[in-house]
Structure formats: C-alpha cells, structure tokens
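Quick note, the sequences are listed as chains E and Z, same order. Position in the first sequence (from 1) plus 1 gives the number in the working numbering. Position in the second sequence (from 1) plus 37 gives the number in the working numbering. Report on one structure; see the data block that follows.
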Amino acid sequence: MSAAAFTGTSVMDIDAAKVRGAGSNVHFDKVSVAYGAHVVLHPLTLDIAPGEILAMIGPSGSGKTTALRAVAGFVRPASGRIRIGATDVTDLPPYERGLGMVVQNYALFPHMRVEDNVAFGLRAQGADKALIGERIKDALATVGMSAYARRYPRELSGGQQQRVAIARALAVRPRVLLLDEPLSALDAQIRRNMVEEIARLHRSLPGLTILYVTHDQTEALTLADKIAIMRDGRVCSHGPTTELYRRPPNRFTAEFLGRANLLPVTIAEAVGSKGFATARHGDVTLTGAGRDEKAGDKSLLCIRPQHLSLTADSEHTNRIVGTLREVHWQGELTHLVLDVDGTPVRVSATRLPIALPEPGTKVPLFFAPADTSLLPEDAGV
Amino acid sequence: MSDAVAIRAPVARTESGKFWIVPPAALLALLFFYPLALIARQAFLDDIGVANVAEVIRVLHSRFFLNALINTVSISIAATAGCLVVGLVLALILAFVPFPGSGFIARLIDTFIALPTFLVTLAFTFLYGSAGMLNAGLMETFSLPLPPVDFLYSAWGVILAEITVYTPFILRPLLAAFSLVDRGQIEAASVLGARPFRIVRQVILPAAIPALIAGGSLCLLLTVNEFGIVLFIGAKGVITLPLLIYGKAIQESAYQVACIIAVVNIALSLGLFGLYRFAAGRLGA
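In structure tokens form, the structure reads like this:
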C-alpha cells in the first residue's frame, strides 16, 4: 500500500478547501497562550514547511503540547494568529481545521471496531460509503493492520492500537498531522519499531506536514527534519535536526538534545576563515568549531560523548587528560566517566582497549575539532 | 504431617465461620421475608383463613386495579423518561461545558436526594397551585377570573414532581460515567471533523449507556413505588398501586385485596430491581 492510494476526493477535501488553501504549511505568528495571568506559551513565531516534520521537544511544562493544542483548536491563543496553508484558522473550531491527530493514549473509541474507528472522521465529514470503504482499506493497509479491521480496540496490543490511531488520522487525508507524544505509552522495543514505521510512513506520504510533540530526543532526532526545543514556554532553539545536534546554539539545547560534555574554555584566537577558533582549557590549547567568538570570550566547548576517543589519530588532534572515575558496560556501548579539571566528561565507546585502566588513573582523551562546537557560556536559555 | 495440619487449620476456621450467616439471615427473615410471606399468604386467603383464588382473579381483572396498574406504569415510565432527558442534558452541561460553579451546581442538585419527596410537592403547590405564584401572577397580569395553569392536580403534576425529585438519581451515575470518558476521544473526534452533537451521540453516549440503564432502572423502581408525591398532590383520578394498597388496607380494611395488589407491586419492584442490579453490575457499581 502506498500514498498513491490516498488520492480520492471526499467531502473532507471539499470542506477543508477553505482551510487548506494553497499549502499545508503551519505558521505561528506571535502566538501566545495564557491561563489567567499565567503565560504558558510566550509569543511564538514559527513556520513548518509543507511536508516537513517538525519535532517540538522540551521538558514537561515547556509549552510544547500547548502549542500543538493551539494548532488543533483546543486552546485559544491569547494573542497572535495561526495559519494553515493560506487560511487563518485561529477562530475556527477544531472540526473545521482539516487536521489529523494522534495522542499518547491512542484515544480509540472502545465501542467501535477498528474499521469503524478509521471510518469515523470520514463519516463525520459525510463521505460516501464507497469512498469510506476504500479509505478504510487503504489506511489500514498503510499501517499494516488490514487483518484487524473487525477487532475491537481492547483486543489489540498498545502498538497495534497506536497504528489504528494513525490510520484513523490518515484516513481523512489531513494536510497536517498532529502527533502528541504518540509513543510514550509504548514499551521501549515497540517504540523503536514505531519510530521507524512513522519514518517509513512519512516517506510514503511526502506531502504530509507533521507536528510531532515529544520529550524523547531519540524520536525527534530520528524523525524530524527540524526541531524546536522548548523551555519555559519559549522556543530556545530551532533549526534543522542535524545542525541543531552538531552545532547547538546554547547550553540547554546541547544538554537536552543528546548528551554533551561542556568544557569551559577561554577563546585564545578568534574564529578564522575555516570556522575554527583556538581556545584554552586550563593550560591545554584546543581547537573548536565556532561562530563569531573573539579572543578573550568565555565559552563552552561542546563535545558529544561518542566523539571522544581513547586513542589518537590524524583527525583527533585535540587532547585532554582526565581521571577515570566510573566504567559502565552496556553491551553495545561502554560508558566512561572522567574528571577533567573538575568537569565531569562522559565517553561512549563501542571499542575499547583490551585492558581498561583502573578507576583513578589518568587517561588521555582525543577528539577532532570538527566534532566540537563552541557556544557562549552565558547563553543559558 | 505438617502439610496436613496446614491444610486442616483453615477448614476448621471455615466450619466455625459458617455460623456467622445465622444472625443476619435470622434478622432478614424476621424483619423482611416473614412479613413478605405474610402478605403473599394473605393475598390467597380470605378473612376467615380459607384459600380464595377466585378473589385474586377478580381483583386482577377489576377496573380499579387495572387503572392503578396503568397509572403506575405510565406515570413511572413518563417520569423516568423525563428524568433521563433532563438528567442527560444537565449531566452533559455539568461535565463538558466548562463554567465556574459547575461543581457547586452538581452538589446542589444532589441535595434533592436528601430531601423528603413530598417537600417538592409542597413547593410545587406554592409555585403552580391554584393560589400559587404562577397563577396569581398570571391572573393579576392578564386580569383573569380563574387560575389558568391547572396541571398540578393531574398526572402531569405527579410526573413533573417525580422528575424534579428523581433526576439526581440519573445525574449522579451519569456524571460518574462522564468523568471516565477519555477527553482524548472527544478531542480526536473533534479534530476528525465531528461536530458536538455527533460527538455526544457517537462517543459520549455509548460510554454512558450502562449509567443510563442503571439510573433509569433505579428511577423506574422508585417512581413505581412512589407514594408521598401522589398522595400529597391528591390528583383527581390518579390512583397508583401504592395509593390503591393504602386505600384498600387503611380506608376500606380490605386486607386480602390490598395484599393481592401488594404482591403485584412487589413482583414489579423486584423485576425492576433485578434490572437495576444487572445494569449497575455492568457499570461496576
């Protein structure tokens, strides 16, 4: 089953035309949300391009779900406008926005069979029987649940129920799919599989814009084209996923998106034409990828644990020495924790020397300048 | 050996525990089943203690009994239907329409359960009676010679009073059921394009069916046996089974007739109670 099957015209398509306009991009224009005097989402301006997956991640209470619910129409913005395509949907009720939504606890209708759950949106939109039958078949095939059409939700596992929830959301052919922590209720193994399935699904539906809210950075890194990191009701960083991971603009992003070692350094030599600056950590000179750092600036050198090596080579030209404190073997990976001049430094290694040094011994660590990122020490947002 | 002892010990405890059934069973028999049995016995015996099945057949075919049965059933069905409609609308508003003070209103409605049923009837006479506020106001405003509103002293008055008194019995289980409805389902339905009425019909109501059945059965049971409201209103020609039993036993001293009607009333009540327990069991109450 492919996305080509989702090409029929339904009443949904016609009704939602006013919503969809020319595209399926989502635009937040200074959108804020407040409950009384308590502001839960500060003015947010953000674009999600058509066909893009934007992951909003952040700790609990950071405002990510509020932003999603504002798009869905369940939360009324205190200020600002929300546009989907060319249409301002700020004042439209949820049932006129032409969206699909999948939530953490699946929210399947327990008294309806799988096929009726999938058909619900189409029936609500007044689609004809033939189209409904076709869409049920297609949507269930897309998520690999065709064999379960006659079952009730209670007869399905968590992963199967979430597949049905996705099929139900896709059956109405939404321009924008809202996913609110859709995998949080699943166990780790099923979650990994579902992340891959959603990625495959999006490849088969490239025009589908997805707003994916999660607190799981792995899901965000795997699925998203772009990530917006939320904190205290504000976006503290936003950009392409790989860029945000490789070059986090601030400490919070560096630490929230994957693990990061942040060595305090002082810029010795400003960023040159190749984009590298020289910095001093104690009496050690290091080279790191910078932006516009100037000599004398206090900075943090961000190095991901997997980019630190116990052995030198031609690329790993930076060298620091730390005292080994802990070793944690986890099968595929071994995690080492070292103390580098009072800063804890983590190393994740797939291959280690046969004879690991004893805790308490001094261990040299090597890393490549290209694997680092300098970020301003005072950018604590 | 030790195993044998370990097995025998609880058996001994169970044996002695069996005797605890005697006191409550004896109490129930004395206070409940024996009087019921006396009523059932009296229904089939005449005043001198001779079996009289002909009298049973005569009463069951009599006009006064059939009228009372029809009145009882029709009033209780109408009142229950009214309670279901009013209770459902109120519960939907209280549960799903956010407004300040909804909790207070729900508790206020609950207090009706604590009040004696005839109190509402008394209040109704002040409001809708011949000399009540409504009639007085209308007569004064429109210079009418006679009270224009005259429904209170009819079956409609009984039905309205019963709806007022028994709606909380529908409201309570419905609010409990609605509190268990996953808000995510409502939101998902809404995003999928369902308007509020469809959501109520296809998402909320199916989840509330056991509560509706349980509340409705209880309501039906209570309205079938309602005595105070019917007596207090004193509607002309509105005689229900409980009122007929009272009249035959107390006013006419026709004990066998009263007992025959009581047996029918008991059978009706037990049937409805069985329905209520079945529904409440499904609800998990």
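Don't be surprised by glycine CBs; every beta carbon is placed ideally from N, CA and C.
As assigned by DSSP and simplified to three states, the class of residue i
| i | result |
| --- | --- |
| R201/E | helix |
| R235/Z | helix |
| S310/E | strand |
| M231/E | strand |
| L224/E | helix |
| D181/E | strand |
| S39/Z | Its pLDDT being 44, under 50, S39/Z is placed unreliably by the model, and the measurement read from it follows with that caveat. Reduced to three states, the DSSP call for S39/Z is helix. |
| L325/E | strand |
| D284/E | coil |
| G308/Z | helix |
| F367/E | strand |
| A35/E | strand |
| V12/E | Note that V12/E scores 33 on pLDDT, short of 50, meaning its location in the model is unreliable; the coordinates nonetheless yield the value given after this. In this structure, V12/E counts as helix in the three-state DSSP scheme. |
| T267/E | strand |
| A356/E | coil |
| T362/E | coil |
| P78/E | coil |
| H112/E | coil |
| I250/Z | helix |
| H216/E | coil |
| I304/E | strand |
| V96/Z | helix |
Proximity winner among the options, relative to residue i (alpha-carbon distances)
| i | options | result |
| --- | --- | --- |
| D340/E | L325/E, V72/E and T67/E | L325/E |
| L366/E | I49/E, I268/E, S310/E and N118/E | S310/E |
| Q239/Z | P207/E, D217/E and M113/E | M113/E |
| R320/E | K299/E, V338/E, G332/E and T288/E | T288/E |
| S374/E | T143/E, G208/E and V272/E | V272/E |
| H98/Z | I297/Z, I250/Z, G311/Z and A317/Z | I297/Z |
| H308/E | A261/E, E270/E and R252/E | A261/E |
| A125/E | L259/Z, P72/Z, A226/Z and I142/Z | A226/Z |
| S167/Z | V186/Z, G308/Z and P279/Z | V186/Z |
| V122/Z | E224/Z, E263/Z and F206/Z | F206/Z |
| G297/E | P306/E, G291/E and A280/E | A280/E |
| R151/E | P111/E, V173/E, R174/E and G159/E | P111/E |
| D293/E | P306/E, H282/E, E270/E and D314/E | E270/E |
| I133/E | A79/E, R98/E, Q161/E and A172/E | A172/E |
Contact check, residue i vs residue j, beta carbons under 9 Å
| i | j | result |
| --- | --- | --- |
| L100/E | A73/E | yes |
| V115/Z | A299/Z | The question names Val, yet the displayed sequence has Ala at residue 115/Z. It is not a contact, given that the beta carbons lie outside the stated cut-off. |
| T201/Z | F136/Z | no |
| V34/E | G64/E | yes |
| L258/Z | A128/Z | no |
| G234/E | V40/E | yes |
| P182/Z | N172/Z | no |
| P370/E | A290/E | yes |
| R267/Z | L309/Z | One detail in the question is off: residue 267/Z reads as Val in this sequence, not Arg. No, they are not a contact pair. |
| A170/E | E224/Z | no |
| L212/E | L263/E | no |
| A120/E | M146/E | no |
| A317/Z | L255/Z | yes |
| T362/E | A350/E | no |
| D181/E | V104/E | yes |
Under 8 Å from the C-beta of residue i: neighbouring residues of chain E
| i | result |
| --- | --- |
| E224/Z | A73, F75, P95, M102, V104 and A108 |
Partners in chain E for residue i, counting only beta-carbon separations shorter than 7 Å
| i | result |
| --- | --- |
| R232/Z | Y96 |
| P137/Z | Simply none; closest approach about 12 Å. |
| R235/Z | A125 |
| P243/Z | H112 |
| G221/Z | V104, N106 and A108 |
| V240/Z | F110 |
Neighbour list for residue i in chain E, Cβ cutoff strictly below 9 Å
| i | result |
| --- | --- |
| V218/Z | Here the premise fails: no neighbours, minimum Cβ distance about 10 Å. |
| V134/Z | The contacting residues do not exist; V134/Z stays about 14 Å from chain E at best. |
| V87/Z | Those within 9 Å of V87/Z in chain E number zero; the least Cβ separation is about 57 Å. |
Beta-bridge pairing of residue i - partner residues as DSSP gives them
| i | result |
| --- | --- |
| G64/E | Looking at the DSSP assignment, G64/E forms no beta bridge with any residue, so it has no partner. |
| H239/E | A229/E |
| Q331/E | L334/E |
| D48/E | H28/E |
| I211/E | I54/E and L178/E |
| I191/E | Bridge partners of I191/E: none, in fact. |
| R374/E | The sequence shown places Ser at residue 374/E, rather than the Arg named in the question. S374/E pairs with C303/E. |
| N89/Z | Beta-bridge pairing links N89/Z to no other residue. |
| I83/E | F29/E |
Beta-carbon neighbours of residue i, restricted to chain Z and to distances below 7 Å
| i | result |
| --- | --- |
| V173/E | L229 and G230 |
| G122/E | L229 and G230 |
beta-carbon residue i near the ligand MG non-hydrogen atom, thresh 8 Å
| i | result |
| --- | --- |
| I297/Z | As presented, the structure is devoid of all ligands, the ligand MG included, so that no description of it is given. |
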